[in-house]
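Student:
In structure tokens form, the structure reads like this:
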């Protein structure tokens, strides 16, 4: 058994699925969009995330198809996020923060 003075932290993970259970958006896709926004291209984002360009492109395309909205647009030789993608990232970040806060409240006194 653990020592009495051990401090526990509740961990949780969220993602959004479509009605068939396929991932539409989650932390992995969030990180892809974040890298595209920061670096200005899918190719650079793929390299930074140690992913192939095709893998990054496929995940973005799957999310766009499942959500029914564009997330990334081409600009010159690079890529940019749509306003919807930025809003989605903000909502996801807010939801994740609230979930962690609520989990801490719920289990904070239990363990």
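Residue numbers (the working numbering): 294 to 404. Glycine residues also receive a C-beta, built at the ideal position from the N, C-alpha and C atoms.
(1) What's the C-alpha gap between residue 400 and residue 303?
(2) What does residue 320 pair with, by DSSP beta-bridge criteria?
(3) Suppose you measure from the CA of residue 368 to the CA of residue 386; what does that come to, to the nearest Å?
(4) Quick test of the definition: if touching needs 3 or more C-beta pairs under 8 angstroms, does the stretch 323 to 335 touch the stretch 353 to 371?
(5) Are the CB atoms of residue 307 and residue 392 nearer to each other than 8 angstroms?
(6) How many Å lie between residue 350 and residue 359 at the Cα?
(7) Here's the rule I'm using: 16 or more other beta-carbon atoms within 10 Å means buried, otherwise exposed. How should residue 301 be labelled?
Tutor: Well, looking at it:
(1) Numbered from its first residue, the chain shown carries residue 400 at position 107. Numbered from its first residue, the chain shown carries residue 303 at position 10. C-alpha separation (whole angstroms): 7 angstroms.
(2) The count along the chain shown starts at 1 and reaches residue 320 at position 27. Looking at the DSSP assignment, residue 320 forms no beta bridge with any residue, so it has no partner.
(3) Taking the chain shown and counting its residues from 1, one reaches residue 368 at position 75. Taking the chain shown and counting its residues from 1, one reaches residue 386 at position 93. Cα to Cα, residue 368 sits roughly 26 angstroms from residue 386.
(4) Contact holds: three or more Cβ-Cβ distances are below 8 angstroms.
(5) What you label residue 307 is simply residue 14 of the chain shown in a count that begins at 1. What you label residue 392 is simply residue 99 of the chain shown in a count that begins at 1. Yes.
(6) Taking the first residue of the chain shown as 1, we reach residue 350 at position 57. Taking the first residue of the chain shown as 1, we reach residue 359 at position 66. If you take the alpha carbons of residue 350 and residue 359, they lie about 14 angstroms apart.
(7) In the chain shown, counting from the first residue as 1, residue 301 sits at position 8. Taking every protein chain shown into account, the CB of residue 301 has fewer than 16 other CB atoms within 10 angstroms, so this residue is exposed.
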